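Quick note: to get this note's numbering, add 5 to the position in the sequence shown (first position is 1). Every residue, glycine too, gets a C-beta built ideally from N, C-alpha and C. Computed from a prediction, not measured in an experiment: that's the story for all the values here. A short worksheet on the structure shown next.
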Amino acid sequence: MSEELVTLVCEAFARWKAGDYEQLGDFFVANATPDVELCTRLGGLGGEPYIGHDGVRAWLADIQENFESFTPWQEEVLEAGADRVVAVGGIRFRARESGIDMNVPWGWIYEFSTGRLNRMLFYGSPGEALEAAGLSD
């Protein structure tokens, strides 16, 4: 199962990079449990988890509202157990209000239940995500 989940995470990144947020929302919803939880660390957003399919769409709407551009990159996507995948890379973004451009390293943990995304955790650095997943040196 892990290999399929790595492929799913890579597909999500590819769709996210493409910047079509409606299509990305459809992809997330089609591949997530009804009670999916997105735990983001974005200062420009509310900081509370986004819950459920409506939460996925609210998260994507908040990104579009707060950022002129918001493009992830991935350096590595790793299996971290049967139902968990870690991605390390980062985000290039331009804040809408300030116009500031940033290129920030990030990490993500994707947790799955029966092959569907159940929880997505955002970390302020790749090392933090790797450590949380038990993959750090």
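Reference residue i, options the options, closest by Cα
{"i": "Pro110", "options": "Glu102, Asp59, Pro77, Ala37", "result": "Pro77"}
{"i": "Val41", "options": "Phe32, Ile56, Glu27, Asp31", "result": "Ile56"}
{"i": "Phe117", "options": "Leu65, Asp25, Ala37", "result": "Ala37"}
{"i": "Leu65", "options": "Trp21, Gly95, Pro131, Arg89", "result": "Trp21"}
{"i": "Phe32", "options": "Glu53, Glu8, His58", "result": "His58"}
{"i": "Gly86", "options": "Gly24, Gly139, Leu13, Ala23", "result": "Gly139"}
Supposed contact pair residue j and residue i - C-beta distance, whole angstroms, cut 8 Å
{"i": "Met125", "j": "Cys44", "result": "7 Å"}
{"i": "Arg99", "j": "Phe72", "result": "6 Å"}
Reduced DSSP secondary structure (H/G/I, E/B, other) of residue i
{"i": "Ser130", "result": "coil"}
{"i": "Gly86", "result": "coil"}
{"i": "Thr119", "result": "coil"}
{"i": "Glu73", "result": "strand"}
{"i": "Thr45", "result": "coil"}
{"i": "Ala19", "result": "helix"}
{"i": "Ile56", "result": "strand"}
{"i": "Ala92", "result": "strand"}
{"i": "Ala66", "result": "helix"}
{"i": "Asp106", "result": "strand"}
Residue i versus residue j - alpha carbon distance
{"i": "Ala92", "j": "Cys15", "result": "9 Å"}
{"i": "Ser141", "j": "Gly94", "result": "15 Å"}
{"i": "Val90", "j": "Phe75", "result": "22 Å"}
{"i": "Gly30", "j": "Phe18", "result": "12 Å"}
{"i": "Ser130", "j": "Gly112", "result": "5 Å"}
{"i": "Val82", "j": "Asp88", "result": "13 Å"}
{"i": "Glu27", "j": "Glu84", "result": "28 Å"}
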